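Enquirer: In the numbering used here, the protein residues as written are 20 to 220.
(1) Taking the beta carbon of residue 44 as the centre, do at least 16 other beta carbons fall within 10 Å, making it buried, or is it exposed?
(2) Provide the residue span of the alpha helix (DSSP H) that contains residue 171, from first to last.
(3) Give the single residue among 64, 88, 95 whose Cα lies nearest to the Cα of residue 79.
(4) Measure the beta-carbon distance from residue 152 to residue 132 and round it to whole angstroms, keeping in mind my assumption that it falls under 8 Å.
(5) Should residue 82 go down as buried or exposed, given a rule of 16 or more other Cβ atoms within 10 Å for buried?
(6) Let me make sure I understand the geometry here. Which of 122, 191, 28, 137 has the alpha-carbon closest to that of residue 170?
(7) Is it the case that the Cβ atoms of residue 8 and residue 53 are separated by a distance below 8 Å?
(8) Please go through the same chain and pick out, in chain order, the residues whose beta-carbon is closer than 8 Å to the beta-carbon of residue 41, but skip the five residues on each side of it.
(9) Less than 8 Å separating the beta-carbons of residue 58 and residue 161?
(10) Span of the alpha helix (DSSP H) holding residue 194?
(11) Classify residue 211 as helix, strand or coil using the three-state DSSP reduction.
(12) In this structure, does DSSP put residue 90 in helix, strand or coil?
(13) Between residue 126 and residue 217, how many whole angstroms is the CB-CB distance? I'm expecting something under 8 Å.
(14) Where does the unbroken beta strand (DSSP E) through residue 132 begin, and where does it stop?
(15) Using DSSP with H/G/I as helix, E/B as strand and the rest coil, what is residue 32?
(16) Output the distance between the C-alpha atoms of residue 214 and residue 129, rounded to the nearest integer angstrom.
(17) What residues match up with residue 83 in a beta bridge as DSSP calls it?
(18) So, helix, strand or coil for residue 158, using DSSP?
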(Lines of atoms letter the chains of each structure in order from A and count residues from 1; the text may use other names and numbers.)
(Lines give C-alpha, C1' and ligand atoms only; values in the text may rest on other atoms or scores of the structure.)
Protein backbone atom coordinates (compact mmCIF):
# COMPACT_ATOMS: atom_id res chain seq x y z
CA UNK A 1 0.00 0.00 0.00
CA UNK A 2 1.21 3.48 -0.88
CA UNK A 3 -0.03 6.28 1.38
CA UNK A 4 -1.05 9.15 -0.88
CA UNK A 5 -2.92 11.18 1.71
CA UNK A 6 -3.29 11.24 5.47
CA UNK A 7 -5.52 13.90 6.95
CA UNK A 8 -6.64 14.67 10.46
CA UNK A 9 -10.43 14.39 10.86
CA UNK A 10 -11.45 14.87 14.51
CA UNK A 11 -10.38 14.48 18.15
CA UNK A 12 -12.87 13.74 20.91
CA UNK A 13 -13.71 11.66 23.96
CA UNK A 14 -17.23 10.73 22.90
CA UNK A 15 -17.67 7.70 20.70
CA UNK A 16 -20.92 8.98 19.18
CA UNK A 17 -19.01 11.99 17.84
CA UNK A 18 -16.57 9.81 15.89
CA UNK A 19 -16.87 9.89 12.08
CA UNK A 20 -19.63 7.86 10.43
CA UNK A 21 -18.62 4.17 10.70
CA UNK A 22 -18.71 3.67 6.94
CA UNK A 23 -15.02 2.90 6.33
CA UNK A 24 -12.63 0.27 7.72
CA UNK A 25 -10.97 1.46 10.92
CA UNK A 26 -7.74 0.51 12.70
CA UNK A 27 -6.83 1.59 16.22
CA UNK A 28 -3.33 1.98 17.65
CA UNK A 29 -2.87 1.73 21.40
CA UNK A 30 -0.12 0.94 23.90
CA UNK A 31 1.42 1.93 27.17
CA UNK A 32 2.40 5.58 27.48
CA UNK A 33 5.68 6.39 25.75
CA UNK A 34 5.80 3.17 23.73
CA UNK A 35 6.51 5.14 20.53
CA UNK A 36 2.97 5.22 19.16
CA UNK A 37 3.08 8.66 17.56
CA UNK A 38 6.45 7.93 15.95
CA UNK A 39 5.11 4.66 14.55
CA UNK A 40 1.98 6.32 13.13
CA UNK A 41 4.11 9.03 11.51
CA UNK A 42 6.41 6.36 10.05
CA UNK A 43 3.54 4.26 8.69
CA UNK A 44 1.85 7.24 7.04
CA UNK A 45 5.16 8.75 5.87
CA UNK A 46 4.09 11.96 7.53
CA UNK A 47 6.49 13.52 10.04
CA UNK A 48 3.93 15.45 12.04
CA UNK A 49 0.64 13.61 11.62
CA UNK A 50 0.61 12.36 15.22
CA UNK A 51 2.18 14.55 17.87
CA UNK A 52 5.27 13.02 19.44
CA UNK A 53 6.35 13.90 22.93
CA UNK A 54 8.92 12.82 25.48
CA UNK A 55 6.22 13.17 28.10
CA UNK A 56 4.18 9.99 28.63
CA UNK A 57 0.42 10.34 28.36
CA UNK A 58 0.38 13.14 25.79
CA UNK A 59 -2.44 11.64 23.70
CA UNK A 60 -5.63 12.14 25.70
CA UNK A 61 -8.26 11.92 22.98
CA UNK A 62 -9.55 9.57 20.30
CA UNK A 63 -7.81 10.96 17.19
CA UNK A 64 -9.16 9.99 13.76
CA UNK A 65 -7.08 10.27 10.58
CA UNK A 66 -8.41 9.47 7.10
CA UNK A 67 -5.89 7.54 5.00
CA UNK A 68 -6.09 7.65 1.19
CA UNK A 69 -9.74 8.64 1.62
CA UNK A 70 -10.41 4.93 2.20
CA UNK A 71 -9.84 3.96 5.85
CA UNK A 72 -9.46 5.46 9.29
CA UNK A 73 -6.36 5.25 11.44
CA UNK A 74 -7.19 5.94 15.10
CA UNK A 75 -4.63 7.12 17.63
CA UNK A 76 -5.88 6.17 21.11
CA UNK A 77 -4.58 7.40 24.49
CA UNK A 78 -1.90 5.24 26.04
CA UNK A 79 -2.77 3.12 29.02
CA UNK A 80 -0.70 2.85 32.18
CA UNK A 81 1.54 5.60 33.50
CA UNK A 82 0.60 9.16 32.71
CA UNK A 83 1.03 12.37 34.69
CA UNK A 84 -2.61 12.95 35.39
CA UNK A 85 -5.12 12.42 38.15
CA UNK A 86 -6.68 9.04 38.94
CA UNK A 87 -10.11 10.38 38.00
CA UNK A 88 -8.74 11.44 34.59
CA UNK A 89 -7.20 8.01 34.05
CA UNK A 90 -10.50 6.37 34.98
CA UNK A 91 -12.35 8.62 32.54
CA UNK A 92 -9.89 7.79 29.73
CA UNK A 93 -10.26 4.09 30.49
CA UNK A 94 -14.04 4.34 30.24
CA UNK A 95 -14.14 6.07 26.85
CA UNK A 96 -11.38 3.87 25.39
CA UNK A 97 -13.28 0.77 26.47
CA UNK A 98 -16.55 2.13 25.07
CA UNK A 99 -14.82 2.91 21.78
CA UNK A 100 -13.22 -0.54 21.49
CA UNK A 101 -16.42 -2.39 22.39
CA UNK A 102 -18.94 -0.41 20.35
CA UNK A 103 -17.18 0.89 17.22
CA UNK A 104 -18.73 -1.37 14.61
CA UNK A 105 -16.24 -0.64 11.80
CA UNK A 106 -13.14 -1.27 13.96
CA UNK A 107 -11.49 -4.18 12.17
CA UNK A 108 -8.23 -4.50 14.10
CA UNK A 109 -6.48 -2.99 17.10
CA UNK A 110 -2.70 -2.75 16.90
CA UNK A 111 -1.26 -3.10 20.41
CA UNK A 112 2.19 -1.55 20.65
CA UNK A 113 4.84 -3.21 22.81
CA UNK A 114 8.30 -1.89 23.67
CA UNK A 115 10.66 -4.54 22.29
CA UNK A 116 13.35 -3.59 24.83
CA UNK A 117 11.28 -4.90 27.71
CA UNK A 118 10.22 -8.33 28.86
CA UNK A 119 6.45 -8.97 28.77
CA UNK A 120 4.76 -6.37 30.93
CA UNK A 121 1.81 -7.37 33.10
CA UNK A 122 -0.35 -4.45 31.95
CA UNK A 123 0.16 -5.36 28.27
CA UNK A 124 -0.55 -9.05 28.82
CA UNK A 125 -3.70 -8.19 30.80
CA UNK A 126 -4.91 -5.82 28.08
CA UNK A 127 -4.39 -8.46 25.38
CA UNK A 128 -6.18 -11.05 27.53
CA UNK A 129 -9.10 -8.64 27.88
CA UNK A 130 -9.19 -8.21 24.08
CA UNK A 131 -9.39 -11.98 23.77
CA UNK A 132 -12.16 -12.22 26.35
CA UNK A 133 -14.35 -9.65 24.57
CA UNK A 134 -13.54 -10.99 21.09
CA UNK A 135 -11.64 -7.92 19.89
CA UNK A 136 -9.31 -8.70 16.95
CA UNK A 137 -5.80 -7.42 17.67
CA UNK A 138 -2.21 -7.61 16.50
CA UNK A 139 1.03 -7.11 18.41
CA UNK A 140 3.45 -4.44 17.18
CA UNK A 141 6.93 -4.45 18.68
CA UNK A 142 8.43 -0.95 18.65
CA UNK A 143 11.89 0.59 19.14
CA UNK A 144 13.72 -2.45 17.75
CA UNK A 145 16.57 -0.22 16.55
CA UNK A 146 17.46 0.42 20.20
CA UNK A 147 18.65 -3.12 20.97
CA UNK A 148 20.80 -5.82 19.39
CA UNK A 149 19.36 -8.60 17.24
CA UNK A 150 20.22 -11.14 19.93
CA UNK A 151 18.45 -9.13 22.64
CA UNK A 152 15.47 -8.60 20.34
CA UNK A 153 15.13 -12.32 19.63
CA UNK A 154 15.41 -13.07 23.34
CA UNK A 155 12.59 -10.64 24.19
CA UNK A 156 10.40 -11.85 21.32
CA UNK A 157 10.88 -15.44 22.53
CA UNK A 158 9.89 -14.36 26.05
CA UNK A 159 6.72 -12.78 24.66
CA UNK A 160 5.91 -15.90 22.68
CA UNK A 161 6.27 -18.08 25.79
CA UNK A 162 4.04 -15.71 27.75
CA UNK A 163 1.35 -15.51 25.05
CA UNK A 164 1.25 -19.28 24.56
CA UNK A 165 0.24 -19.64 28.21
CA UNK A 166 -3.09 -18.08 27.24
CA UNK A 167 -3.40 -18.54 23.48
CA UNK A 168 -3.31 -21.58 21.19
CA UNK A 169 -0.96 -19.69 18.90
CA UNK A 170 0.88 -16.41 18.78
CA UNK A 171 -1.45 -13.59 17.60
CA UNK A 172 -0.40 -11.73 14.42
CA UNK A 173 2.71 -9.71 15.26
CA UNK A 174 5.01 -7.21 13.60
CA UNK A 175 8.53 -6.08 14.38
CA UNK A 176 9.00 -2.38 13.65
CA UNK A 177 11.36 0.55 13.87
CA UNK A 178 10.23 4.14 13.38
CA UNK A 179 13.84 5.07 12.63
CA UNK A 180 14.51 2.59 9.80
CA UNK A 181 10.84 2.10 8.77
CA UNK A 182 11.23 -1.63 9.37
CA UNK A 183 7.84 -3.36 9.45
CA UNK A 184 6.08 -0.60 7.53
CA UNK A 185 5.29 -2.71 4.46
CA UNK A 186 4.19 -5.64 6.63
CA UNK A 187 1.74 -3.59 8.74
CA UNK A 188 0.31 -1.75 5.73
CA UNK A 189 0.10 -5.02 3.80
CA UNK A 190 -1.89 -6.55 6.65
CA UNK A 191 -4.28 -3.58 6.62
CA UNK A 192 -4.64 -3.95 2.83
CA UNK A 193 -5.59 -7.63 3.21
CA UNK A 194 -8.24 -6.86 5.83
CA UNK A 195 -9.60 -3.94 3.77
CA UNK A 196 -9.97 -6.16 0.71
CA UNK A 197 -11.84 -8.81 2.69
CA UNK A 198 -14.05 -6.11 4.23
CA UNK A 199 -14.88 -4.55 0.86
CA UNK A 200 -15.65 -7.95 -0.69
CA UNK A 201 -17.92 -8.83 2.21
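Every residue gets a Cβ at the ideal spot worked out from N, C-alpha and C, and that includes glycine. It should be emphasised that the depicted structure is a prediction, and the values quoted were computed from it without experimental measurement.
Expert: The short version:
(1) Mapped onto the chain shown, residue 44 falls at position 25. That one is buried.
(2) Here residue 171 refers to the residue found at position 152 of the chain shown. Per DSSP, residue 171 belongs to the alpha helix (DSSP H) from 168–182.
(3) Residue numbering aside, residue 79 sits at position 60 when the chain shown is read from its first letter. Cα-wise, what sits closest to residue 79 is 95.
(4) In the chain shown, residue 152 corresponds to position 133, counting from 1. In the chain shown, residue 132 corresponds to position 113, counting from 1. That pair is no contact at about 19 Å.
(5) The sequence position of residue 82 within the chain shown is 63, counting from 1. Looking at its Cβ environment, which holds 16 or more other Cβ atoms inside 10 Å, residue 82 is buried.
(6) The sequence position of residue 170 within the chain shown is 151, counting from 1. Comparing Cα-Cα distances from residue 170 to each of 122, 191, 28, 137, the minimum goes to 137.
(7) Residue 8 falls outside the range modelled here, since the chain spans only 20 to 220, and no answer is possible.
(8) Taking the first residue of the chain shown as position 1, residue 41 is located at position 22. Result list for residue 41: 124, in chain order.
(9) Along the chain shown, one-based indexing puts residue 58 at 39. Along the chain shown, one-based indexing puts residue 161 at 142. Cβ distance < 8 Å, so residue 58 and residue 161 count as in contact.
(10) Here residue 194 is taken as the residue at index 175 of the chain shown, counted from 1. No alpha helix (DSSP H) contains residue 194, which is instead part of the beta strand (DSSP E) from 192–194.
(11) Walking along the chain shown from the start, residue 211 turns up at place 192. Helix at residue 211.
(12) What you label residue 90 is simply residue 71 of the chain shown in a count that begins at 1. Residue state, collapsed to three classes: strand.
(13) As a working mapping, residue 126 is identified with position 107 in the chain shown. As a working mapping, residue 217 is identified with position 198 in the chain shown. Their Cβ separation, rounded to whole angstroms, is 6 Å, which keeps residue 126 and residue 217 in contact under 8 Å.
(14) Stepping through the chain shown from its first residue, residue 132 is reached at position 113. 125–133 is the extent of the beta strand (DSSP E) around residue 132.
(15) What you label residue 32 is simply residue 13 of the chain shown in a count that begins at 1. Note: residue 32 maps to coil in three-state DSSP.
(16) Position 195 of the chain shown, counted from the start, is the residue given in the question as residue 214. Position 110 of the chain shown, counted from the start, is the residue given in the question as residue 129. In a straight line, the C-alpha of residue 214 is about 15 Å away from that of residue 129.
(17) For the purposes of this step, residue 83 is taken as the residue at position 64 of the chain shown. Per DSSP, 29, 93.
(18) Indexing the chain shown from 1 puts residue 158 at position 139. In the structure shown, residue 158 sits in a strand (DSSP, three-state: E or B).
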